[in-house]
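J.: There's a structure below that I have some questions on.
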Amino acid sequence: MNLALTVKYPVLGIDCMRLYEYQAKQLFSSHGIVVPGSVLVRSQNDVKEAVNKLGLPVILKSQVLAGGRGKAGAIRKADSAPEALTIFSELIEKPVQGEKPSAILVEEFREHVRETYLSISLNRSEHCFVLLVSGEGGVDVEAIGRKATFSLPDSVVDKKSVSKETMRIGLDEDSANSIANIAVKMGELSAKIEAELVEINPLAITADGNAIALDAKIIVDDNALFRHPEIASLRMPSNLEAESQKYGFNFVELDGNIAVIGNGAGLVLSTLDMLVENGGRPACFLDLGGGATEDVVFAALRVVSRFDKAKGILLNVFGGITRTPDVAKAIKDAFFNGLIRGPFHARILGVGEEDAFAILQNLPVFLHRNIDEAIQKLIADVQRIQ
Amino acid sequence: MLDYGTNIVAGVTPGKAGQSVNGVPVFNTMKDAATATSAGITVAFVPAQYLLGAALEAIEAGIHCLVIITEHVPIRDSLTIFRKAKENECIVIGPNTAGVIIPNKIKLGIMAASPFTKGSVAVFSRSGTLTYEIAYQLSNNGLGQSISLGVGGDPINCTSLVDCLEWVRNHKGTDAVVIIGEIGGDAEERLAKHILDTRFPKPIIAYIAGRHAPKEKKMGHAGAIIYGSYGTAESKIKAFDDVGVHVAKKPEEVPLLVDSALRR
């Protein structure tokens, strides 16, 4: 095992593809949605130049994908260049929900009289996208009071009706027109890049009734990326993500010490629930997907082996289009290659199970008929070695 | 599917007309296949990039039930298929489903047949392997299935859990319903409301996967994601509890709850 491969991954798992604020704002800007002037700063040496360019005061915003940046103190205002430098140095080192930023967005401060909210998101059950407008921005979307919603069956935003409804929820005509203008552009952008969510919270209204996007959140449909190479290139997948994409399994990092592996998202979720309810702590969620071959299972075990915090492995496989003897062969190979060191408890059921058991004979894999039993034995084993 | 006894009359692959696979003739287009065979049901295995065209072709060819196995279908493609299907009164199941099985009768999909036995419990699910697991538990306890159907693991399910429930409301061969849900979206919450509003007459048992899943992470399925408090397992379990649907804590508990509901 090559220790150089043991990397700490900043953002693990197949997330929804969420763009960084600065990336989303570049897209906004190129589609006619006004955003504050800004400079993306990666090094202390560039802070002063950014401040000179933008003028004081400036807002410094940590570029992480995690939510709740405001509450976490990752968005701060600076009134002087030295203050900006101090704040930059703090923010660049400060993780937000475990995620360290690689850059800070330094932005000009824009005076405004009101903060509003605008989003286009998917309504799964109604089978359409929905535009949501509210006169109250800067708060959690769940806390929004008066709002207007519009179904967008063909993704087209009707400017007149948005303007009219926005006035009905208490905004003046100028503001309503500005918001409606932004909503139309947002609809075009959302359709063009096939976004799952485009959100501006807050959308600021200036004294002269203009609308400026102070924040920008875009989640694109990662299944549509094959049609959008320009968006796909914005993503910087970690080694692990790239590897899991290549083999077609799904990996999500969690806080605990037991790797949970299985075939099928629902089955792995269910196994994870049972582990937690038995007092165990999952280190990761690893769904091998449907019809995983020997290579895929081996690659998955290799990923787990590099994942230092996983002290034990819990495997739950129900054979169908995934053949259990293939799973067993991959486990055997992983043992012979030194990829499995801690306790390994498994429950294997379904197509070919007898052959799978035979392959795993004489290996330190504990096979169980019952998943609860596998979980309890594994938790005990992991406690013993720690 | 052939082995299970499904009457497959045609395959469609562009450029392969005239060939045959396991005795089943292959056609170039859905229209040719539908005209030559009067088939009513299609199962699509087409890769995600080409699925939209294939699905629309099937709908235009007059197919009245389309099962989409394909995973990773773009959301907007699914929405287009949904609308087109609705206009043409075509039932679309999926995308990203293992399919439908009516034990001992027909299999439309890729599920393992062994966990399923004939009986009177309808199983409607958002998950594939977990459905085998629960069908296996049911079968082991003498509770066979009248139908088992996966609505799909994607954000868009062209057939909803509510649609499924309506199919078995008056079905004489179905005495109880098992719903297998998971985190993400509000399909379970809507189903709970529907059960209450329409006074669904048969016992329903549910299981929800993902009680301990983190937020804002796609957990294997594109549709299994929690945003804020939207899509959590707690919300779904509460919705079911509120309308008297018993929620099993683990798959093994499902047959016990079904059994006691049927005895009542």
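Protein chains in written order, with my numbering: chain A, 1 to 386; chain W, 1001 to 1264.
The C-beta atom is built at its ideal place from N, Cα and C for all residues, glycine as well.
1. When DSSP builds the beta bridges, which residues end up paired with A/C128?
2. Would you tell me roughly how many angstroms separate the C-alpha atoms of A/R302 and W/D1242, rounded to the nearest one?
3. W/P1251: which of A/N263, A/D372, A/I379 sits nearest, CA to CA?
4. So A/A84 packs on A/V47, CB below 8 Å; how close in whole Å?
5. Only counting the same chain, and skipping five residues up and downstream in sequence, which positions put a Cβ closer than 8 Å to that of A/G98?
6. What is the DSSP secondary structure of A/D372, counted as helix, strand or coil?
7. Please report the straight-line C-alpha distance between W/S1139 and W/T1117, rounded to a whole angstrom.
8. Please name the residue in A/I321, A/D287, A/I169, A/R281 whose C-alpha comes closest to that of A/K309.
9. Going along the chain, which residues of the segment 1064-1094 of chain W sit with their C-beta nearer than 7 Å to a C-beta in chain A?
10. Among residues of its own chain, excluding the 5 on either side of W/N994, which ones have a beta-carbon nearer than 6 Å to its beta-carbon?
11. Please decide whether W/K1031 counts as near chain A, where near means a Cβ-Cβ distance under 9 Å.
12. Kindly list the residues whose CB is nearer than 6 Å to the CB of A/G430, restricted to its own chain and excluding five residues on each side of it in sequence; keep chain order.
13. State the CB to CB distance for the pair W/L1143 and W/L1165, rounded to an integer number of angstroms; the pair is presumed to be in contact (CB under 8 Å).
14. Taking the alpha helix (DSSP H) that W/A1033 falls in, what are its first and last residues?
15. Flag W/K1218 as yes if its beta-carbon sits less than 9 Å from any beta-carbon of chain A, otherwise no.
16. Tell me the DSSP secondary structure of W/M1111 in three-state form.
17. Please classify A/R114: does DSSP put it in a helix, a strand, or coil?
18. What distance in whole Å lies between the Cβ atoms of A/E199 and A/K185, which are believed to be in contact at a cut-off of 8 Å?
19. Measuring only the C-alpha atoms, how far is W/S1235 from W/G1184?
20. With a cut-off of 8 Å, do at least 3 Cβ pairs link the segment 1224-1239 of chain W to the segment 1107-1125 of chain W?
21. Determine the chain W residues that contact A/N263 at a beta-carbon separation under 7 Å, and present them in chain order.
22. For W/H1212, which residues in chain A fall below 7 Å Cβ to Cβ?
23. Count the CB pairs spanning the segment 171-181 of chain A and the segment 205-213 of chain A that are closer than 8 Å, and state whether there are at least three.
24. For a contact meaning CB atoms closer than 9 Å, what does W/I1110 contact in chain A?
25. Are W/A1034 and W/G1062 touching if we call contact CB-CB under 9 Å?
26. Return the chain-ordered list of same chain residues with a C-beta closer than 6 Å to the C-beta of A/F344, the five sequence neighbours on each side being excluded.
27. Taking 8 Å as the limit between beta carbons, can you name the residues of its chain near A/E111, skipping five residues before and five after?
28. Alpha carbon to alpha carbon, how far is A/I340 from A/C284? Give it in angstroms, no decimals.
29. How about W/G1109 and W/G1119: do their beta carbons lie closer than 9 Å?
30. Under 9 Å, do A/E294 and A/V268 count as touching if we go by C-beta distance?
31. Helix, strand or coil for W/Y1132, going by three-state DSSP, please let me know.
32. Taking a Cβ distance cut-off of 8 Å, strictly less, list which residues of the segment 1033-1057 of chain W are near chain A, in chain order.
33. For A/K61, count neighbouring Cβ atoms within 10 angstroms of its own Cβ and tell me buried if that reaches 16, exposed if not.
34. Name, in chain order, the residues that DSSP records as bridge partners for W/N1007.
35. With A/R76 as the anchor, note down where its beta strand (DSSP E) starts and where it stops.
36. Can you find a C-beta in chain A that's less than 9 Å from the C-beta of W/K1107?
T.: Short version:
1. A/N123
2. 45 Å
3. A/D372
4. 6 Å
5. A66
6. helix
7. 6 Å
8. A/R281
9. H1072, V1073, P1074, I1075, R1076, L1079, F1082
10. The requested residue 994 of chain W is not part of the displayed model; chain W covers only 1001 to 1264.
11. no
12. Limits of chain A in this structure are 1 at one end and 386 at the other, which puts residue 430 of chain A out of reach.
13. Not quite, the Cβ-Cβ distance comes to about 18 Å (not below 8 Å), so this is no contact.
14. 1030-1037
15. yes
16. coil
17. strand
18. Actually they do not touch by this definition, with Cβ atoms about 14 Å apart.
19. 10 Å
20. no
21. T1129
22. L272, D273, V276
23. yes
24. G290, G291, G320, I321
25. yes
26. I313, V365
27. T206, A207
28. 15 Å
29. no
30. no
31. helix
32. A1048, Q1049
33. buried
34. BP columns for W/N1007 are empty, so no partner.
35. 75-78
36. no
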